[in-house]
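Residues in the sequence shown are numbered consecutively from 1070, following the numbering used here. Ideal Cβ positions, reconstructed from N, Cα and C, are used throughout, including at glycine.
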Amino acid sequence: IQLPAHEVDYIKEKVTLGWTPDVIIGRKERPVSCGMRTLYRLFSKGIFDIDTLPMKGKRKPNGHQEKRGKQQYQRSIHDRPDNYPDFNSEFGHLEGDTIVGIHHKSAVITLVERLSKVIITIKPNGRKALDIETALNQWFSRFPKNFFKSITFDCGKEFSNWKAISNQHDIDIYFADPGTPSQRPLNENSN
1070 IQLPAHEVDY
1080 IKEKVTLGWT
1090 PDVIIGRKER
1100 PVSCGMRTLY
1110 RLFSKGIFDI
1120 DTLPMKGKRK
1130 PNGHQEKRGK
1140 QQYQRSIHDR
1150 PDNYPDFNSE
1160 FGHLEGDTIV
1170 GIHHKSAVIT
1180 LVERLSKVII
1190 TIKPNGRKAL
1200 DIETALNQWF
1210 SRFPKNFFKS
1220 ITFDCGKEFS
1230 NWKAISNQHD
1240 IDIYFADPGT
1250 PSQRPLNENS
1260 N
């Protein structure tokens, strides 16, 4: 779509004043010859500078923006050997996740044992990787080595100290693919 030059100038002027495209379109005094979605498309195509929009960038649905970065190395669930034991016949295979509290300050670790379907909840001091590691180490130290054989976590940054937990307690730790809660169904359904 090609907008007339006077409309392009008007839109640029109003955006620099902090107006959003839907406010610009909704003005009765100065109608614009395109709809709101079309105007947003023109911004995303580069006809208008998207960085001048007052609410640029994607927002999370609950308003919280993640600032912790990405986990560097993970051991994928696909790295498990093909002869890995059947979860339904051997005790000691866990699925894990965290439930984040209000204001994103605290968390609860949930673990579900695959065979017995027992749900374990652990309260760490915070939700940083070191807090999660400390809480899991304290909990696993109550049990003999090799009591638990594996844990499958989601891709959360809070599990970035997984190597220390794995080495200290001799537990194989794997990570599910991003966006596939079906790889940890018991834990996802219990959360």
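DSSP state of Ser1259 mapped onto helix, strand, coil: Translated into the one-based positions of the sequence shown, residue 1259 becomes position 190. The answer is helix: DSSP assigns Ser1259 an H, G or I state.
Identity of the residue in Lys1081, Met1105, Gly1104, Val1092 nearest Asp1120 by Cα: If you number the sequence shown from 1, residue 1120 lands on position 51. It is Lys1081.
The beta strand (DSSP E) enclosing Ile1178, as first and last residue numbers: Here residue 1178 is taken as the residue at index 109 of the sequence shown, counted from 1. That run of the beta strand (DSSP E) goes 1176-1182.
Through-space distance from Glu1076 to Thr1089, alpha-carbon basis: What you label residue 1089 is simply residue 20 of the sequence shown in a count that begins at 1. What you label residue 1076 is simply residue 7 of the sequence shown in a count that begins at 1. C-alpha separation (whole angstroms): 15 Å.
Other residues of its chain near Asn1215: CB distance less than 7 Å, five sequence neighbours each side excluded: Working through the sequence shown from its first residue, we reach residue 1215 at position 146. Same-chain partners within the cutoff: Asp1239.
Buried or exposed (CB count within 10 angstroms, at least 16 for buried), Asn1157: Locating residue 1157 in the sequence shown gives position 88, counting from the first residue. When all chains shown are included, Asn1157 counts as exposed.
Integer-rounded CB distance, given that Leu1184 should sit under 8 Å from Glu1159: Working through the sequence shown from its first residue, we reach residue 1159 at position 90. Working through the sequence shown from its first residue, we reach residue 1184 at position 115. Sure, about 7 Å apart at Cβ, within 8 Å.
Exposure of Val1187, with buried meaning 16 or more beta-carbon neighbours within 10 Å: Counting from 1 along the sequence shown, the entry for residue 1187 is found at position 118. So Val1187 counts as exposed.
Extent of the continuous alpha helix (DSSP H) to which His1075 belongs: The residue given as residue 1075 occupies position 6 in the sequence shown. His1075 -> alpha helix (DSSP H) spans 1074-1085.
Alpha-carbon to alpha-carbon, Trp1231 and Ile1144: What you label residue 1144 is simply residue 75 of the sequence shown in a count that begins at 1. What you label residue 1231 is simply residue 162 of the sequence shown in a count that begins at 1. Rather than Ile, the amino acid found at residue 1144 in this sequence is Arg. Distance between the alpha carbons of Arg1144 and Trp1231: 9 Å.
Beta-carbon spacing of Cys1224, Ala1245 below 8 Å: In the sequence shown, counting from the first residue as 1, residue 1224 sits at position 155. In the sequence shown, counting from the first residue as 1, residue 1245 sits at position 176. Against a cut-off of 8 Å, the Cβ pair of Ala1245 and Cys1224 comes out as a contact.
Reduced DSSP secondary structure (H/G/I, E/B, other) of Leu1163: Numbered from 1 along the sequence shown, position 94 holds the residue referred to as residue 1163. Note: Leu1163 maps to strand in three-state DSSP.
Integer Cβ distance of Ile1094 from Leu1072, believed to fall under 8 Å: On the sequence shown, position 25 is the one that residue 1094 refers to. On the sequence shown, position 3 is the one that residue 1072 refers to. That belief does not hold up - the Cβ atoms of Ile1094 and Leu1072 are roughly 12 Å apart, past 8 Å.
Span of the beta strand (DSSP E) around Ser1235: Sequence index remark: in the sequence shown, residue 1235 carries index 166 (1-based). Not the beta strand (DSSP E): Ser1235 falls in the alpha helix (DSSP H), residues 1231-1238.
Asp1241 versus Ile1070, Leu1086, His1162, Gly1115, residue with shortest Cα-Cα distance: Residue 1241 sits at position 172 when you count from the first residue of the sequence shown. Nearest of Ile1070, Leu1086, His1162, Gly1115 to Asp1241, Cα basis: His1162.
For Arg1106, the nearest candidate out of Pro1100, Arg1211, Lys1083, Asp1091 (CA to CA): For this step, residue 1106 is matched to residue 37 along the sequence shown. The shortest C-alpha separation from Arg1106 is found at Asp1091.
Residue burial classification, Ala1176 (beta-carbon count within 10 angstroms, cutoff 16): The residue given as residue 1176 occupies position 107 in the sequence shown. The residue in question, Ala1176, is buried, as its Cβ has 16 or more Cβ neighbours within 10 Å.
Beta-carbon gap between Tyr1243 and Ser1219 smaller than 8 Å: To locate residue 1243, count along the sequence shown from 1; it is residue 174. To locate residue 1219, count along the sequence shown from 1; it is residue 150. Cβ atoms of Tyr1243 and Ser1219: closer than 8 Å.
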